[in-house]
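Remarks on the structure that follows.
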């Protein structure tokens, strides 16, 4: 009972003091109200922000007299004395050149100035949102220091910092009003498809680098907070209408439109509510990269017999044409001697271009509503219910390209918070809608008009006939494809449309391509700050719990027998204190996280911030932390057949849950089915991890045999058995140094980091023979000549005759990986109201690929990036503009779908805006990638062209 009373007293102690109320208005020197201004009482860590009319209400347990500190980005900090309770103050702010007095919360889970942050932090506020030349604030995040944007489509963009990410970024967290936006099924963020609208966002805070010590294992590369506006602060009806066009070399010029409305009302001091609706519709960037996946830049086209185009699907069906001839000969369809006329290499089917397998629509609809209850009539205690719904069309790129068609995701949150605490719980649900895999669409549309066995049989038979008739191999191949393609459904025909609609509605990968998903996340957070109880320093305690319910009905995960449940939890503590006349700020934190399948891990962080100079204007910071990342649900439980390979997670129970029956070709000599014990064999995930060779060594084996026919013993010496363990948590040690200051009006922000990764999680590809036992030593005398009793040599026959299955494995490398980088940010206001800014990032990583040739780290980050901007909000009355430019060097892109180089790019964005104060409106005319060429951010995705738009925004 005493324990219970103690908990209750801690819970309510932050709200039980007598409160004093101060109200006021903050304006520009010309009388225009300033929204989003931070107002706090000196000596009291609570605070508030002004609403759209520049008004604020602030409560405190302190009795006057005291001093208010008013800070706003782009304005000089001002202090105002308050002499009496219930005083109303009028404050005018003067423009400033510094951005370092902005208040942020993310770095330490407590309000603090950017200057005092113990780690690198970037912020976008209302002014930056207004100034951005990008079509949306989310697009504008790309101009922030350290941000790397990976665009899979017009409506699906993934943010990352400090390397090691693809579109499916499981290393970076994105929170909207405290809710993780990650997909329950795939564990990564779907851009802003269920985020926040341009007229409801109040601020964005970005922490680059490991943040595990406070935010858990998923914040391994960084975390971003998107905070929406409170209906108590921002009331009325706001709306925007945006119309424009996208222009791309492949797609031409197409219109797009974007509409949003926000309604918020404070009914009384106890209750407020808001609702948002946004609707965007346009044409996606066409993906038309027709290079061969593994032979890019070599001029390989469909005329190559084994062509596998990047944005062509169905041509993944490929087989050794000589082995096909052997099967025909066994059935008596061609003479046995004719087999020798067939070449001993693979031929692929004719595929369909991506533009023929999607309607190229890109759209997003977001709906949300929230109810805010203040039982005590002020911010001491607030209860929030929030529901968010996102619908849309986009293309996601993972191992294949997937069209998310009428995709749906929802989140529902209940939160109770006060000055010193919060408790929240939320659930996330998603539904794949009518989404489908474009590779399997191409494969199975092909099979609707002719199955693979018939197609390859006709190809081989025609090749033999053409060769006997005296045709050259080139002519024989052309004739063979023409005959095999007889009856092919052409895009746009009724037959093609019927087959297409049938395939995308069928979830069976053997006949269809539909993605099925009804997964959920259940999550809870709690945090308490003891600053009003313990005066020695600021202490915070908190924790979180999450349960995954994976339910893809066997389509993506091995959950065909029912949902897979997976739990994780964490607790943390943080201590902060200032020393040396408040010049030295120490922050220490530690977090413990436990995941269902792994041992618990601790993530400590220690940081120091020292304010030097007479006015404490030179701030030096240093931090050290260790972090870890638990394997994602994909790493553990995926069992996804993507055609050319199977993605197989390494949780022990997952290996046995996945099974597949594969046909066995007799091969040459015709003993394959004897070794396998039949015409087919069933394999499981254990074959992938425990009885396979590395793909790199099999490629060397095949190349040696091609150059040295008959020298199988020599080729066998090149084979390496796949020797990987089940995936385990990844660890990082991160060191960061930084400096912030203002010198002669120039805002300076410098940082450098060095990360060391152990047990780095990545992918490797193995090839599992359908019969035999893998080995690196071979006794060719044992069991010769039949080798029925020699399982090691049997695997060589399997590899040589296409009797193997490719698997993508999720594992760790034993090698250390280091990454390091620097960031430089400079900004200054000059010549009146001209704002200049420039930032530079250098990023590099070190990994000895030769020691682990099959492992892909996937750094996927340019070595050099430069961004610059110039703008003026007051060029003349009510008129402003902004121009930004960014440049990056070329870099290597590695992913499960395709590897290759991404070229350097220079992108110029610009906007002009005109305010209509009497209508409380802003008109903006903008363009992105002005005068530039189409450029790529994700190899395999559509090239990004130009966007032109005009928008009208009305704010009360």
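Residue numbers (the numbering used here): 17 to 972. Positions of the beta carbon are idealized from the N, C-alpha and C atoms, including for glycine. On a predicted model such as this, the values are computed, not experimentally measured, just so you know.
Exposed or buried, what is residue i when buried is set at 16 or more other beta-carbons lying within 10 Å of its beta-carbon?
i: residue 358; result: buried
i: residue 958; result: buried
i: residue 893; result: exposed
i: residue 847; result: exposed
i: residue 516; result: buried
i: residue 1003; result: This structure does not reach residue 1003, given that the chain is present from 17 up to 972, and the question cannot be answered.
i: residue 953; result: buried
i: residue 249; result: buried
i: residue 919; result: exposed
i: residue 58; result: exposed
i: residue 48; result: exposed
i: residue 521; result: exposed
i: residue 170; result: buried
i: residue 159; result: buried
i: residue 721; result: buried
i: residue 820; result: buried
i: residue 917; result: exposed
i: residue 785; result: buried
i: residue 36; result: buried
i: residue 825; result: buried
i: residue 23; result: Caution is warranted here: a pLDDT of 40 is assigned to residue 23, below 50, making its placement in the model unreliable, and no coordinate value can be reported.
i: residue 956; result: buried
i: residue 283; result: exposed
Per DSSP, residue i forms a beta bridge with which residues?
i: residue 169; result: 172
i: residue 1; result: Summary: the structure shown does not reach residue 1, with the chain confined to residues 17 through 972, and so no result is reported for it.
i: residue 940; result: 929 and 967
i: residue 343; result: Per DSSP, none; premise fails for residue 343.
i: residue 160; result: None, per the DSSP bridge assignment.
i: residue 261; result: 271 and 964
i: residue 539; result: 442 and 562
i: residue 282; result: 288
Which residue comes first and which comes last in the beta strand (DSSP E) that contains residue i?
i: residue 296; result: 287 to 299
i: residue 846; result: 833 to 846
i: residue 415; result: No beta strand (DSSP E) contains residue 415, which DSSP labels as neither H nor E.
i: residue 239; result: 238 to 244
i: residue 759; result: 746 to 759
i: residue 620; result: 617 to 628
i: residue 530; result: Counting along the chain, residue 530 falls outside any beta strand (DSSP E), and DSSP gives it neither H nor E.
i: residue 73; result: 71 to 76
Cα separation between residue i and residue j?
i: residue 779; j: residue 290; result: 45 angstroms
i: residue 221; j: residue 641; result: 20 angstroms
i: residue 20; j: residue 189; result: For residue 20, the predicted model reports a pLDDT of 39, less than 50, meaning its position is unreliable; a value from the coordinates is still stated below. Answer to the nearest angstrom: the Cα atoms are 35 angstroms apart.
i: residue 174; j: residue 164; result: 8 angstroms
i: residue 259; j: residue 70; result: 30 angstroms
i: residue 185; j: residue 934; result: 45 angstroms
i: residue 736; j: residue 872; result: 17 angstroms
i: residue 415; j: residue 970; result: 43 angstroms
i: residue 901; j: residue 218; result: 25 angstroms
i: residue 544; j: residue 557; result: 5 angstroms
i: residue 964; j: residue 944; result: 7 angstroms
i: residue 328; j: residue 424; result: 27 angstroms
i: residue 27; j: residue 539; result: With a pLDDT of only 41 at residue 27, under 50, the local geometry of the prediction cannot be trusted, and the value read off the model is given with reservation. So the alpha carbons of these two residues sit roughly 21 angstroms apart.
i: residue 650; j: residue 773; result: 20 angstroms
i: residue 411; j: residue 182; result: 14 angstroms
i: residue 455; j: residue 518; result: 15 angstroms
i: residue 31; j: residue 967; result: Reliability fails at residue 31, whose pLDDT of 40 lies under 50, so the model's placement of it is uncertain and the value that follows must be treated cautiously. When rounded, the distance between both Cα atoms is 44 angstroms.
i: residue 149; j: residue 960; result: 16 angstroms
i: residue 866; j: residue 490; result: 38 angstroms
i: residue 536; j: residue 215; result: 29 angstroms
Does residue i get closer than 8 angstroms to chain C when you measure Cβ to Cβ?
i: residue 845; result: Although the question refers to chain C, the structure presented lacks it and comprises just one protein chain.
Quick check on the DSSP output: the alpha helix (DSSP H) that includes residue i runs from which residue to which?
i: residue 449; result: Unbroken run through residue 449: none, as it is neither H nor E.
i: residue 712; result: 711 to 723
i: residue 679; result: From DSSP, residue 679 is part of no alpha helix (DSSP H) but of the beta strand (DSSP E) over 675 to 679.
Complete beta strand (DSSP E) runs within the segment 343 to 410 (minimum length 3 residues, chain order): 362 to 364 and 377 to 389
Entirely enclosed beta strand (DSSP E) segments - the segment 188 to 222, minimum 3 residues: 188 to 192
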